[in-house]
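What follows is a short report on a single structure.
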Amino acid sequence: MPQDWLPWPADTAREYRERGFWDDRRLDAPLREGAARHGDRLALVDGADRLSYADLDTCVDRVAAGLAALPVRAGERVLLQLPNRAEYVVTLFALVRIGALPVLALPSLGPAEVESLVRTSGACALVVAQGRGRADPRPAAARIAAEAPSVRRLIVVGDPGDTGGLAWDALLEAGAAPPAADAGSAEEPALLLLSGGTTGTPKLIPRTHADYGYNARASAAACGVGADAVYLAVLPAAHNFTMVSPGIVGTLATGGTVVLSPDPSPTTAFGLVEREGVTITALVPALVPAWLEEAGRTAHDLGSLRVLQVGGSRLDDATARRVGPALGCRLQQVFGMAEGLNNYTRLDDPDDVVCTTQGRPLSPADEVAVVDEDGRPVPPGTPGELLTRGPYTIRGYYRARELDALRFTPDGFYRTGDLVVRTERGDLVVVGRVKDQVNRAGEKIAAVEVEEHLLGVPGVAAAAVVGAPDPVLGERSVAFVVARGAACPGREEVRAALLARGVAPFKVPDEVRAVPALPLTGVGKVDKRPLRERAAEG
Ligand code: AMP
Ligand code: DBH
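Numbering (the UniProt record's numbering), first residue to last: 1 to 538.
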């Protein structure tokens with residue numbers, strides 16, 4: 001049986017331990033330590049619910065006991081698709097505590113992606129929350145739980161309704177003795193993250209206790225997050241940015257407070273900033289203009305805010321310059337990836353660096369190379385693909401050895417697919433992409449995945465998906481479609497067909513254009529360059 005994941009080479013792992021990047025602590029250890037050291041301090045706020053470190057650790061123990069009794073066993077995978085609620089944080093750490101691996105699915109994913117993640121991970125349970133109308137994941141989750149052979153349990157936060165699932169509250173109330181903390185190695189995977197990907201089915205990223213814990217602590221240090229920090233989670237909690245840069249995991253690791261925002265609107269967020277004294281929060285660029293506008297008219301006091309992090313897609317320099325004056329806080333650009341590497345502009349960098357670059361690597365042990373098409377390093381100032389390896393960048397995807405050969409160099413560098421320019425100072429500017437992906441308001445769309453679904457739409461003979469610049473989204477997705485037969489399906493028909501196939505709404509092309517044929521390269525592959533140009537012309 002091939003290995004599920006690829007560890008770092010033994011001598012590299014030893015070096016990371018010796019240099020103090022990695023230690024033996026598991027990812028839930030800071031909750032236990034926090035409960036012992038500063039149990040009364042506020043750890044987590046979700047609406048009217050306020051959990052101290054002692055409360056949070058107790059809840060995690062109880063849910064861990066409830067999960068273990070089902071049973072969910074060490075090493076098993078459990079898919080979480082939850083909104084920004086306390087139950088997400090508790091379930092995440094409860095699974096880690098019993099040595100099971102949470103699979104972090106974003107709430108925006110559709111049933112098709114969730115099903116694919118369940119199959120790739122072989123998840124034994126699904127955890128979803130009761131929702132309303134179309135946004136209610138329960139019916140699809142019940143179907144997937146019934147059909148996927150690996151799934152034994154469906155757990156529902158809220159009312160399980162007629163899903164046959166178990167109420168999450170029952171786990172909390174089970175009252176069983178807390179299981180012994182899992183004593184497994186910190187150099188084993190703690191969780192599985194979702195990759196934005198470039199393939200037909202979503203890929204999973206195994207992150208170990210040691211590497212993720214280091215990512216979180218080092219990020220907290222680079223972002224000025226310590227015991228007095230109040231971090232507001234505005235983006236989906238399951239996003240790697242919100243998890244570890246420094247996010248929920250980094251804030252709880254340093255004794256700060258995490259506040260969960262139920263939605264990303266500035267009106268909701270500003271109320272929470274004032275009420276909770278929020279010091280730091282994180283956005284994707286697409287949200288920034290609305291935040292800056294609302295800041296000009298809000299009656300809320302934003303005086304506690306020290307840092308606004310922006311990342312996930314490219315922030316334009318002009319908007320970057322407006323952040324500080326409008327919000328009265330420091331901007332920090334974040335260029336990160338769930339596969340590992342985090343780049344940050346530092347809080348004491350000159351304004352010019354903060355407003356025009358996406359920062360530099362977090363760790364002194366991060367190795368980065370900027371290379372041309374033949375893999376040769378290019379000098380500063382010249383664009384090239386960013387390659388990286390280091391103490392918190394994976395060496396391979398989960399159960400995907402063939403893909404690894406494409407996405408990693410033989411000496412273990414991850415090919416980010418991002419085109420960057422490195423400045424003389426060592427800061428990175430993201431200038432483009434060589435991967436076949438659309439970055440729509442920070443949400444990554446693998447072109448191939450959508451193209452495969454489009455081929456399943458009646459009347460479509462061939463399809464190619466590209467990104468086009470968009471003033472609001474950063475990029476919008478454009479599908480060029482060749483009709484089978486007389487009539488080509490329009491955007492509405494495509495939308496309805498893709499949603500019926502269970503595709504996430506954000507992956508539905510923003511535009512559908514009929515073409516007689518797709519342009520081909522010399523070797524007969526679809527040539528996306530002319531399509532990108534046409535898409536950009538509007
Ligand atoms: P993923 O691998 O799905 O976690 O997505 C990470 C990718 O998001 C990166 O490889 C970049 O393509 C993109 N990204 C993240 N942050 C930024 C940023 N600040 N500027 C430009 N692109 C970004
Ligand atoms: O886009 C990302 O995946 C991302 C952005 C900022 C990320 O994973 C991160 C910071 O850690």
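Ideal Cβ positions, reconstructed from N, Cα and C, are used throughout, including at glycine.
Return the bridge partner residues of residue i from the DSSP annotation.
i: GLY311; result: VAL334
i: GLY161; result: GLY161 pairs with nothing; no bridge assigned.
i: GLU367; result: ARG389
i: SER52; result: LEU42
i: ASN240; result: The partner list for ASN240 (beta bridge, DSSP) is empty, contrary to what the question assumes.
i: ILE280; result: TYR231, VAL307
i: LEU204; result: LEU194
i: ALA479; result: VAL465, VAL512
i: TYR414; result: THR388, PHE408
i: TYR344; result: VAL334, ARG360
i: LYS528; result: Bridge partners of LYS528: none, in fact.
Going straight from the alpha carbon of residue i to that of residue j, what length do you get?
i: LEU117; j: ALA125; result: 12 Å
i: ALA210; j: ASP24; result: 7 Å
i: ASP136; j: GLY110; result: 11 Å
i: VAL323; j: GLY538; result: 30 Å
i: SER52; j: GLY250; result: 16 Å
i: MET1; j: ALA64; result: Any answer about MET1 is weak, because its pLDDT of 48 lies below 50 and its placement is not dependable; what the coordinates show is given next. Cα to Cα, the separation comes out at about 30 Å.
i: ALA365; j: VAL371; result: 19 Å
i: ARG275; j: ALA141; result: 36 Å
i: ARG389; j: GLY459; result: 45 Å
i: ARG132; j: VAL354; result: 41 Å
i: ALA222; j: VAL278; result: 18 Å
i: LEU531; j: LYS525; result: 13 Å
i: ALA43; j: GLN309; result: 21 Å
i: PRO380; j: THR356; result: 15 Å
i: GLY99; j: LEU106; result: 22 Å
i: THR198; j: ALA54; result: 42 Å
i: ARG153; j: GLU147; result: 12 Å
i: LEU95; j: ALA177; result: 16 Å
i: GLY34; j: GLY255; result: 7 Å
i: VAL334; j: ARG321; result: 15 Å
i: ASP348; j: ARG376; result: 33 Å
i: residue 586; j: VAL429; result: Not covered by the structure: residue 586. The range shown for the chain is 1 to 538.
i: ALA535; j: VAL478; result: 7 Å
i: PHE408; j: ASN343; result: 19 Å
i: ARG425; j: ASP317; result: 18 Å
i: GLN358; j: THR319; result: 14 Å
i: GLY271; j: GLU294; result: 12 Å
Classify residue i: buried if its beta carbon has 16 or more other beta carbons within 10 angstroms, exposed otherwise.
i: residue 548; result: Any question about residue 548 goes unanswered here, given that the chain covers just 1 to 538.
i: GLN3; result: exposed
i: residue 618; result: Nothing in the structure corresponds to residue 618, since the chain is present only between 1 and 538.
i: ASP162; result: exposed
i: ALA282; result: buried
i: residue 539; result: Since the displayed the chain opens at 1 and closes at 538, residue 539 lies outside it and no answer follows.
i: ARG19; result: exposed
i: PRO361; result: buried
i: VAL523; result: exposed
i: ASP228; result: exposed
i: GLU76; result: buried
i: ALA10; result: exposed
i: PRO139; result: exposed
i: GLY312; result: buried
i: VAL472; result: exposed
i: residue 578; result: Absent from the model: residue 578. The displayed extent of the chain is 1 to 538, so no value can be given.
i: ASP28; result: buried
i: PRO325; result: exposed
i: GLY396; result: buried
i: PRO102; result: buried
i: ARG62; result: buried
i: GLY47; result: exposed
i: ALA238; result: buried
Touch test, the segment 430-446 against the segment 483-490, Cβ-Cβ under 8 Å, three pairs minimum: no
Determine contact between the segment 185-204 and the segment 154-166, defined as no fewer than three beta-carbon pairs at a distance below 8 Å. no
Do three or more CB pairs link the segment 163-173 to the segment 406-426 at distances below 8 Å? no
Inspect the CB distances between the segment 80-92 and the segment 253-262 and report whether three or more fall short of 8 Å. yes
Using a Cβ distance threshold of 8 Å, determine whether the segment 264-276 contacts the segment 286-295, with at least three qualifying pairs required. yes
Three or more beta-carbon pairs under 8 Å between the segment 453-470 and the segment 294-303, yes or no? no
Three or more C-beta pairs closer than 8 Å, one from the segment 487-502 and one from the segment 425-433: is that the case here? no
For the segment 213-221 against the segment 232-247, do three or more pairs of beta-carbon atoms, one drawn from each stretch, fall closer than 8 Å, so that the two count as touching? yes
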